[in-house]
Structure formats: structure tokens, C-alpha cells
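Engineer:
2 protein chains.
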Amino acid sequence: MDVMPVSDLSPAAQDYLKLIWSATEWSPAPITVSVMAERLGVRPSTVSDGIKKLAGQGLVTHAPYGSIELTDAGRAHAVAMVRRHRLLETFLVDVLGYGWDEVHDEAEVLEHAVSDTLIDRMDRKLGHPTRDPHGDPIPGADGRPSMPKGTQLSAAAAGNTVAITRISDADPQMLRYFTELGLAPDTRLTVTEHRPYADVTTVRVHEPERDIDLGASASDAIWVVAV
Amino acid sequence: MDVMPVSDLSPAAQDYLKLIWSATEWSPAPITVSVMAERLGVRPSTVSDGIKKLAGQGLVTHAPYGSIELTDAGRAHAVAMVRRHRLLETFLVDVLGYGWDEVHDEAEVLEHAVSDTLIDRMDRKLGHPTRDPHGDPIPGADGRPSMPKGTQLSAAAAGNTVAITRISDADPQMLRYFTELGLAPDTRLTVTEHRPYADVTTVRVHEPERDIDLGASASDAIWVVAV
DNA sequence: CAAATTTGTTCGCTAAGCCTAACATTTGAG
DNA sequence: CTCAAATGTTAGGCTTAGCGAACAAATTTG
Numbered sequence: 167m168d169v170m171p172v173s174d175l176s177p178a179a180q181d182y183l184k185l186i187w188s189a190t191e192w193s194p195a196p197i198t199v200s201v202m203a204e205r206l207g208v209r210p211s212t213v214s215d216g217i218k219k220l221a222g223q224g225l226v227t228h229a230p231y232g233s234i235e236l237t238d239a240g241r242a243h244a245v246a247m248v249r250r251h252r253l254l255e256t257f258l259v260d261v262l263g264y265g266w267d268e269v270h271d272e273a274e275v276l277e278h279a280v281s282d283t284l285i286d287r288m289d290r291k292l293g294h295p296t297r298d299p300h301g302d303p304i305p306g307a308d309g310r311p312s313m314p315k316g317t318q319l320s321a322a323a324a325g326n327t328v329a330i331t332r333i334s335d336a337d338p339q340m341l342r343y344f345t346e347l348g349l350a351p352d353t354r355l356t357v358t359e360h361r362p363y364a365d366v367t368t369v370r371v372h373e374p375e376r377d378i379d380l381g382a383s384a385s386d387a388i389w390v391v392a393v
Numbered sequence: 167m168d169v170m171p172v173s174d175l176s177p178a179a180q181d182y183l184k185l186i187w188s189a190t191e192w193s194p195a196p197i198t199v200s201v202m203a204e205r206l207g208v209r210p211s212t213v214s215d216g217i218k219k220l221a222g223q224g225l226v227t228h229a230p231y232g233s234i235e236l237t238d239a240g241r242a243h244a245v246a247m248v249r250r251h252r253l254l255e256t257f258l259v260d261v262l263g264y265g266w267d268e269v270h271d272e273a274e275v276l277e278h279a280v281s282d283t284l285i286d287r288m289d290r291k292l293g294h295p296t297r298d299p300h301g302d303p304i305p306g307a308d309g310r311p312s313m314p315k316g317t318q319l320s321a322a323a324a325g326n327t328v329a330i331t332r333i334s335d336a337d338p339q340m341l342r343y344f345t346e347l348g349l350a351p352d353t354r355l356t357v358t359e360h361r362p363y364a365d366v367t368t369v370r371v372h373e374p375e376r377d378i379d380l381g382a383s384a385s386d387a388i389w390v391v392a393v
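In the order they appear, the protein sequences are chains A and B.
Residue numbers for the first sequence follow the working numbering, beginning at 167 and rising by one.
Residue numbers for the second sequence follow the working numbering, beginning at 167 and rising by one.
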């Protein structure tokens with residue numbers, strides 16, 4: 167019962183756990199039923215039912231109207247799913263020549279179908295990568311996520327020169343837009359200014375030197391570290 | 167309705183169609199409900215229901231107690247699934263270093279999850295292969311299966327020297343046994359004798375030169391051509 | 001702080017895929 | 001050619017994962 171592999175969970179359960187974990191990866195506030203419903207594309211009643219079932223299996227703790235928290239077992243499954251997702255994305259880009267903005271949806275489906283053996287073989291073939299094409303850390307086979315530091319571009323002080331560490335892969339259309347602009351993990355840029363009430367952040371990128379204006383959703387999706 | 171991609175079918179429907187097609191790939195007799203049930207690991211009643219639904223969708227023709235035949239639309243979907251399966255097997259062996267006897271079950275799951283885009287990229291990466299690791303022909307993207315000639319080893323005349331064209335991938339354990347014996351697609355051998363009532367076929371293989379006795383199930387699983 | 005709004009839960013229903021049990025048809029052995 | 005055995009079908013139930021409607025709780029607002 168303790169050693170149940172993640173592949174024994176239903177795809178729906180895998181999605182729930184991964185989403186709960188992902189929600190707390192970059193912000194501390196616990197996720198809510200309605201946010202989960204919106205992200206999963208289902209109704210809140212469906213999520214409410216699902217959470218109750220996960221609680222019955224000991225994968226989350228949840229009292230009615232209370233907060234949703236992963237148990238240790240639930241977290242282990244969630245991290246295993248995140249590892250699958252990020253290794254798949256890396257594999258699709260590095261081995262099959264996908265663009266880094268095209269891999270999210272494909273990985274979303276495949277992560278429910280691949281075996282642990284296949285994941286291990288991809289990991290080996292890729293040389294045990296630690297970051298996926300969006301810059302997100304790939305948890306190890308032992309389940310330890312290697313958290314990189316970083317802040318959202320929207321919170322970076324004006325005047326600083328920074329490197330992009332990660333770009334949220336939640337919105338493929340936004341990723342395509344970033345690609346057009348030449349913004350990708352490891353791109354360096356200087357934060358020129360934040361214009362508060364317009365919610366616009368201006369950055370300067372080199373080669374070719376240019377200024378780019380980013381709205382709030384864009385500058386929240388990009389995470390940077392000082393260089 | 168006509169251009170529905172194979173990915174719109176349920177996994178169960180995909181399995182049914184592929185099995186019906188596969189059953190007639192190497193023998194002309196139409197498949198029966200009970201054989202399908204046994205191969206799919208479900209009860210005959212389940213298959214009977216499923217066939218009825220496929221008939222309703224115009225993918226097979228079937229009157230109660232009558233024979234089961236693919237329509238053109240059903241055949242197109244079936245061939246698309248076979249293409250997926252065989253390309254996946256080839257990819258797992260050639261790119262990820264799987265043994266040719268380990269890939270069947272993995273492909274069986276993945277074939278329901280991969281997108282057409284992924285299949286095309288794998289096909290390109292592999293250089294548009296025409297045979298899978300077991301020697302089975304890989305249908306083209308246009309759906310035309312390239313049928314190779316060949317007969318079952320059990321039916322090959324004694325004294326002939328032949329090359330293995332294909333080995334049925336139905337039984338992974340048998341494949342592992344063949345690997346131990348050094349029997350694989352393209353292996354050459356000479357049929358020494360058939361002993362009819364013992365149902366044993368003896369063959370001689372070179373490098374290292376040795377004689378191998380094969381029972382009926384084994385010599386039915388191996389297909390050969392004269393060289 | 002009361003009322004209105006938002007958020008979460010429960011309940012009854014649906015569809016797919018599977019099951020068993022009962023029944024119908026076909027096959028093939030004597 | 002008959003009838004028992006084998007094969008196929010139907011009917012009724014179960015589980016999962018969805019839904020909408022009705023209701024309960026919590027939060028926000030006036």
C-alpha cells in the first residue's frame with residue numbers, strides 16, 4: 167500500500183496531485199477548488215468529489231470547506247508526475263526537435279502513459295538533465311526537487327541586469343509570443359522600468375539590442391535571477 | 167465525419183479495430199468474438215457490445231452471429247494504429263536502446279497517447295523505416311501497408327535455407343526465448359526436418375553452428391522467406 | 001454586523017467499459 | 001438429423017469521471 171507506484175493512480179488523480187503540487191511550487195498560498203476546476207477544465211463539483219476521494223486514499227488532507235494539502239504520499243506521487251512531465255518535455259525538444267513552446271500539451275498526455283522504465287531510459291539518454299526547456303527544475307528519481315532561486319520579472323528592481331531562469335509553461339500562446347520576441351531561458355536582459363498603473367515592465371535585451379514592453383501577465387510568467 | 171482522426175476513437179475502439187485487422191494480416195479466416203475476447207483479456211459479452219457499437223459507427227459490418235469485417239473507414243483507423251504501434255516499437259529499440267523483446271507492452275500503451283505530430287517526428291528521426299524490430303511491415307502515413315512475402319517456419323519445406331522475416335510479437339516471453347537462442351529477424355537458418363506427430367521442427371543455424379528444436383507454437387510464430 | 005455574493009458540497013443523472021447470469025443461435029458428433 | 005456443446009447476445013449492475021441543480025458555508029461589502 168505504501169509502495170504503490172504513481173502509474174496505479176487514475177489519470178484524473180495524477181492530474182489533481184500534480185496541480186496541487188504545482189500551485190505551491192512558486193507561491194505559498196494553498197490552491198482552492200475553483201482554481202483547480204478552472205485549470206483542469208472541469209466543474210467545481212467534479213473537483214470537490216475528486217478531492218474527497220483523494221483524501222479517502224490518504225493522498226491529501228482536506229476537511230469540507232477547509233484547505234487542500236498534500237500528504238507525504240500525495241507529494242511523492244505529485245513529484246513523480248512533475249518529473250515525468252518535465253523529462254518528457256526535455257526529450258521532445260532535445261531528441262525530436264520540438265520547439266520549446268510546443269511540448270506542453272503533448273507531455274500532458276504522455277505523462278499518463280509512459281512506464282517508469284521509459285522515463286529512466288529517457289533520463290539516461292538525456293544525461294540526467296536538471297532543467298526542462300522552460301527552465302523548470304526536473305526532480306530526481308529519488309523525488310527531491312532541486313529548487314532554483316529566482317523572482318518574477320514583475321518584481322525585479324529596475325536597473326538590474328538579470329538572466330531568465332524559467333518561463334511558466336501554462337500558456338502555449340504566450341510561449342510562442344516570447345519565442346518571437348527572442349525571450350527564452352538563459353536570455354539576459356536589463357530591467358529598464360516598471361510603470362505601475364499601466365502594469366507595464368520595460369526591459370532591454372542585447373543581440374540585437376532592443377526594448378520590449380511586457381504586460382502584467384507576461385512579466386509574471388517570466389522568472390529571473392541577478393547575474 | 168469522414169476525416170475523423172484515429173485519435174478521436176476511444177482506446178477500446180482503437181484496440182478492437184487493430185485486433186480485427188491484425189487477425190487478418192497473416193491469415194484469411196475472419197476473427198471471432200471469443201478469440202477477440204481472449205486476446206483482449208475481456209469477456210465475450212464485452213466484445214459483443216463493443217462490436218455492436220463499432221458497427222453503429224460504421225467502422226465494422228456485423229449482423230448478430232455473423233462475421234466481423236472492417237469497413238474502409240474501420241480499416242483506415244486500424245492501419246493507423248498498427249503504424250503507431252510499429253513505429254513506436256522501432257523508436258524504442260533504435261533510439262532508446264530497448265531490446266526487441268521488451269517493446270510490445272510499452273508500445274501497446276503509448277499508441278493510444280501519442281499525437282500524429284509525434285508519430286511523424288519519430289518517423290522522420292528514424293528515416294521512414296519500413297519494418298519494425300520484429301520484422302513486421304510499417305504501414306506508410308498514407309495507410310498503405312507494405313506486405314512482405316513469407317511463410318510460417320512450420321510450413322517451410324525441410325532442406326530449404328531461409329531467412330527470418332518476422333517473428334510474431336504476441337508473446338514477450340517467447341521473444342525472450344528466441345533472443346536466448348539467437349533467433350531474430352534476418353537470422354538465416356536451414357530447415358532440417360519436421361517431425362509431424364511430435365510437432366517439432368528442427369533447424370540448423372550458423373555462427374555458431376547449432377541445431378535447434380522448436381515446438382509448434384514457436385515454429386508458427388516465426389515467418390521465413392527462401393534466400 | 002447583516003446581507004449579498006462567492007465558493008464549496010451534495011445529490012441524482014449520464015456515458016463508457018467492464019462484469020455475471022441468463023438466454024439464443026450455431027456447430028459439429030454420433 | 002438430432003441434440004449437446006460451443007459460441008454469441010442481451011439484460012442488469014458496478015465503477016469512474018464527468019455534469020447541473022440545489023443547498024451550505026464563508027467571505028466581502030455596504
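Every residue gets a Cβ at the ideal spot worked out from N, C-alpha and C, and that includes glycine.
Using the rule of at least 16 other Cβ atoms within 10 Å of the residue's Cβ for burial, across every protein chain shown, is B/Gly-240 buried or exposed?
Structural biologist: In the second sequence, the residue the question calls residue 240 of chain B occupies position 74. Counting Cβ neighbours within 10 Å, B/Gly-240 comes out buried, since at least 16 surround it.
Engineer: Work out the CA separation of B/Phe-257 and B/Ile-304 for me, nearest whole Å.
Structural biologist: Position 138 of the second sequence, counted from the first residue, corresponds to residue 304 of chain B. Position 91 of the second sequence, counted from the first residue, corresponds to residue 257 of chain B. If you take the alpha carbons of B/Ile-304 and B/Phe-257, they lie about 12 Å apart.
Engineer: Is the CB of A/His-251 under 8 Å away from at least one CB in chain B?
Structural biologist: Here residue 251 of chain A refers to the residue found at position 85 of the first sequence. Not an interface residue.
Engineer: Could you pull out every residue in the same chain whose Cβ sits closer than 7 Å to the Cβ of A/Arg-250, ignoring the five residues on either side in sequence?
Structural biologist: Counting from 1 along the first sequence, the entry for residue 250 of chain A is found at position 84. Closer than 7 Å at the Cβ level, and outside the excluded window around A/Arg-250, lie Glu-277, Val-280, Ile-285.
Engineer: Output yes if chain B places a C-beta closer than 8 Å to the C-beta of A/Gly-166; else output no.
Structural biologist: Since the first residue of chain A shown is 167 and the last is 393, residue 166 of chain A is not available in this structure.
Engineer: What is the rounded straight-line gap between the Cα of A/Gly-316 and the Cα of A/Val-199?
Structural biologist: If you number the first sequence from 1, residue 316 of chain A lands on position 150. If you number the first sequence from 1, residue 199 of chain A lands on position 33. Their Cα atoms are separated by approximately 28 Å.
Engineer: Count the other C-beta atoms from every protein chain shown that fall within 10 angstroms of the C-beta of B/Pro-230, then say buried if there are 16 or more, exposed otherwise.
Structural biologist: By one-based count along the second sequence, residue 230 of chain B stands at place 64. Classification of B/Pro-230: exposed, given that the 10 Å Cβ count is below 16.
Engineer: Any C-beta of chain A sitting closer than 8 Å to the C-beta of B/Lys-291?
Structural biologist: Locating residue 291 of chain B in the second sequence gives position 125, where the first residue counts as 1. Yes, its Cβ sits closer than 8 Å to a Cβ of chain A.
Engineer: Could you tell me which chain A residues have their CB closer than 9 Å to the CB of B/Val-275, listed as they occur along the chain?
Structural biologist: Position 109 of the second sequence, counting from 1, holds the residue named residue 275 of chain B. Those are Ala-279, Val-280, Ser-281, listed as they occur along chain A.
Engineer: For B/Val-201, I'd like the list of residues in its chain whose CB is within less than 8 Å of its CB, leaving aside the five on either flank, ordered along the chain.
Structural biologist: Start at 1 with the first residue of the second sequence, and residue 201 of chain B comes out as number 35. Once the five neighbours on either side are set aside, the close Cβ partners of B/Val-201 are Ala-189.
Engineer: Just how far apart, CA to CA, sit B/Val-390 and B/Ala-179?
Structural biologist: Start at 1 with the first residue of the second sequence, and residue 390 of chain B comes out as number 224. Start at 1 with the first residue of the second sequence, and residue 179 of chain B comes out as number 13. If you take the alpha carbons of B/Val-390 and B/Ala-179, they lie about 32 Å apart.
Engineer: What did DSSP end up calling B/Pro-210 once you bin it into helix, strand or coil?
Structural biologist: Here the question's residue 210 of chain B lines up with position 44 in the second sequence. Helix.
Engineer: Spell out whether any CB of chain A is found under 8 Å from the CB atom of B/Leu-220.
Structural biologist: Walking along the second sequence from the start, residue 220 of chain B turns up at place 54. No, B/Leu-220 does not count as interfacial toward chain A.
Engineer: Can you find a CB in chain B that lies within less than 8 Å of the CB of A/Trp-175?
Structural biologist: Looking up residue 175 of chain A in the first sequence gives position 9. Checking the sequence shown, residue 175 of chain A turns out to be Leu, not Trp. With 8 Å as the cut-off, A/Leu-175 does not count as an interface residue toward chain B.
Engineer: Nearest-angstrom Cα distance between B/Thr-327 and A/Ser-176?
Structural biologist: Counting from one through the second sequence, the residue named residue 327 of chain B turns up at place 161. Counting from one through the first sequence, the residue named residue 176 of chain A turns up at place 10. Whole-angstrom Cα-Cα distance: 51 Å.
Engineer: Taking DSSP as the reference, what is the three-state secondary structure of A/Trp-192?
Structural biologist: By one-based count along the first sequence, residue 192 of chain A stands at place 26. Three-state result, A/Trp-192: coil.
Engineer: Taking a cut of 9 Å between CB atoms, which residues from the stretch 253-270 of chain A lie near chain B?
Structural biologist: Listed by position, the residues of the stretch 253-270 of chain A near chain B (Cβ gap below 9 Å) are Leu-258, Val-261, Leu-262, Gly-263, Tyr-264, Glu-268.
Engineer: Pull up the CB-CB distance for A/Ser-233 and A/Gln-318, whole angstroms please, since I reckon it's below 8 Å.
Structural biologist: Taking the first sequence and counting its residues from 1, the one referred to as residue 233 of chain A is at position 67. Taking the first sequence and counting its residues from 1, the one referred to as residue 318 of chain A is at position 152. Not confirmed; about 24 Å, so no contact.
Engineer: For the stretch 259-272 of chain A against the stretch 287-294 of chain B, do three or more pairs of beta-carbon atoms, one drawn from each stretch, fall closer than 8 Å, so that the two count as touching?
Structural biologist: Touching, yes, given that three or more Cβ pairs across the two stretches are closer than 8 Å.
Engineer: Let me know the alpha helix (DSSP H) ranges lying completely inside the stretch 231-284 of chain A, each 4 residues or longer, listed in chain order.
Structural biologist: Complete alpha helix (DSSP H) runs here, min 4: 238-260, 269-276.
Engineer: Chain A beta carbons: is any one of them nearer than 8 Å to that of B/Arg-287?
Structural biologist: As a position in the second sequence, residue 287 of chain B is number 121, starting the count at 1. At least one chain A Cβ lies under 8 Å of B/Arg-287.
Engineer: Looking at the structure shown, is A/Pro-177 part of a helix, part of a strand, or coil, going by DSSP?
Structural biologist: In the first sequence, counting from the first residue as 1, residue 177 of chain A sits at position 11. In the structure shown, A/Pro-177 sits in a helix (DSSP, three-state: H, G or I).
Engineer: Indicate whether at least one CB of chain A lies closer than 8 Å to the CB of B/Gln-180.
Structural biologist: Translated into positions along the second sequence, residue 180 of chain B becomes position 14. Chain A, which has no Cβ nearer than 8 Å to the Cβ of B/Gln-180, makes this no.
Engineer: Straight-line CA distance for B/His-372 to A/Ala-307?
Structural biologist: Taking the second sequence and counting its residues from 1, the one referred to as residue 372 of chain B is at position 206. Taking the first sequence and counting its residues from 1, the one referred to as residue 307 of chain A is at position 141. Rounded to the nearest angstrom, the two C-alpha atoms are 44 Å apart.
Engineer: In chain order, which continuous runs of the beta strand (DSSP E) of length 3 or greater are located wholly inside the stretch 297-342 of chain A?
Structural biologist: For the stretch 297-342 of chain A, whole beta strand (DSSP E) runs of length 3 or above, ordered along the chain, are 327-333.
Engineer: In the DSSP output, what is A/Trp-389 paired with across the bridge?
Structural biologist: Stepping through the first sequence from its first residue, residue 389 of chain A is reached at position 223. According to DSSP, A/Trp-389 bridges with A/Gln-318, A/Arg-332.
Engineer: If you drop the 5 nearest sequence neighbours on each side, which residues of the same chain put their C-beta closer than 6 Å to that of B/Ser-334?
Structural biologist: In the second sequence, the residue the question calls residue 334 of chain B occupies position 168. Within the same chain, B/Ser-334 has close Cβ partners Ala-387.
Engineer: I think A/Leu-225 touches A/Thr-212, with their Cβ atoms under 8 Å apart; what is that distance to the nearest whole Å?
Structural biologist: Along the first sequence, read from residue 1 onward, the residue named residue 225 of chain A stands at position 59. Along the first sequence, read from residue 1 onward, the residue named residue 212 of chain A stands at position 46. Between A/Thr-212 and A/Leu-225 the Cβ distance is about 17 Å, and since that is not below 8 Å, they are no contact.
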